[in-house]
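Input: a single structure, listed below in structure tokens.
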Amino acid sequence: HAHETLSCASQSKMRWDQGGFKASRLGGSGGNGNCGYCYPCLIRKASFQKALITDNTEYVAIPDFNTAKVKVGKNGSVYAESKDILSVQYAGFRLKNGLIKPKIEIHKSGTLQGVYDEWGDIAGMYARGLSEVYRLVKDVTVTKSN
């Protein structure tokens, strides 16, 4: 029943897609539900992939990155559909190439004072999680709008 759950950060974002033009370009069904491109949806998709479970979720915007036409604006400004994908591509590339250190990154969101003995485990979880989501989106092509 996992495909029936909701992970999306903004499940009604496609309500502004009058005529279904964006959903059509991205390959989705439109309407309300998991969009398929926000960070929580990326984590969701990566989790199914890592667990080797078929993801039967109906994504209202991007069900399949191989067929979606993900875009940024003409001047390079990000669209909602590309912002989190590009962020994960950037962070994942930096992690893969040793340009960020998980043992430092884990402290940026707040204090971990009471769990000093767990810092190594938390840093490992950070690296594994980012690597999972990066594997999902690293080859997604994002193009400029016409």
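No gaps in the numbering here: position 83 of the sequence shown is 133 in the numbering used here, and each next residue is one more.
Each residue gets a CB set at the ideal place from its N, CA and C atoms; glycine is no exception.
These numbers come from a predicted model, not from an experiment.
Tell me the rounded alpha-carbon separation between residue i and residue j.
| i | j | result |
| --- | --- | --- |
| N196 | K72 | 14 angstroms |
| Y89 | G83 | 14 angstroms |
| A173 | E155 | 8 angstroms |
| V128 | A59 | 17 angstroms |
| V183 | G69 | 31 angstroms |
Between which residues of its own chain and residue i is the CB-CB distance below 8 angstroms, once the five residues before and five after are set aside?
| i | result |
| --- | --- |
| S137 | Y89 |
| S62 | N82 |
Ends of the alpha helix (DSSP H) at residue i?
| i | result |
| --- | --- |
| V187 | W169 to V187 |
| V138 | A130 to K146 |
| K63 | Looking at the DSSP string, K63 is not in any alpha helix (DSSP H), and its letter there is neither H nor E. |
Tell me whether residue i is buried or exposed, calling it buried when 16 or more other Cβ atoms sit within 10 Å of its Cβ.
| i | result |
| --- | --- |
| E168 | exposed |
| S132 | buried |
| K158 | exposed |
| I166 | Position check: residue 166 holds Tyr in this sequence, whereas Ile was assumed. The residue in question, Y166, is exposed, as its Cβ has fewer than 16 Cβ neighbours within 10 Å. |
| D189 | exposed |
Looking only at its own chain, which residues have a Cβ that is under 7 angstroms from the Cβ of residue i, when we skip the five neighbours before and after it?
| i | result |
| --- | --- |
| S79 | A73, E108 and V110 |
| L206 | No answer is possible for residue 206: the residues shown for the chain start at 51 and end at 196. |
Between which two residues does the beta strand (DSSP E) containing residue i stretch?
| i | result |
| --- | --- |
| K121 | V120 to V122 |
| K194 | V192 to K194 |
Starting from the Cα of residue i, find the closest Cα among the options and give me that residue.
| i | options | result |
| --- | --- | --- |
| G126 | L56, H51, S57 and K194 | K194 |
| D171 | K153, Y184 and R185 | K153 |
| G123 | V192, M64 and H53 | V192 |
| T55 | C91, L76, R75 and M64 | C91 |
| R178 | S57, K100 and R75 | K100 |
Can you give me the Cβ contacts of residue i inside the same chain, cut-off strictly under 6 angstroms, excluding the 5 residues immediately before and after it?
| i | result |
| --- | --- |
| R144 | I150 |
| H53 | N106 and T107 |
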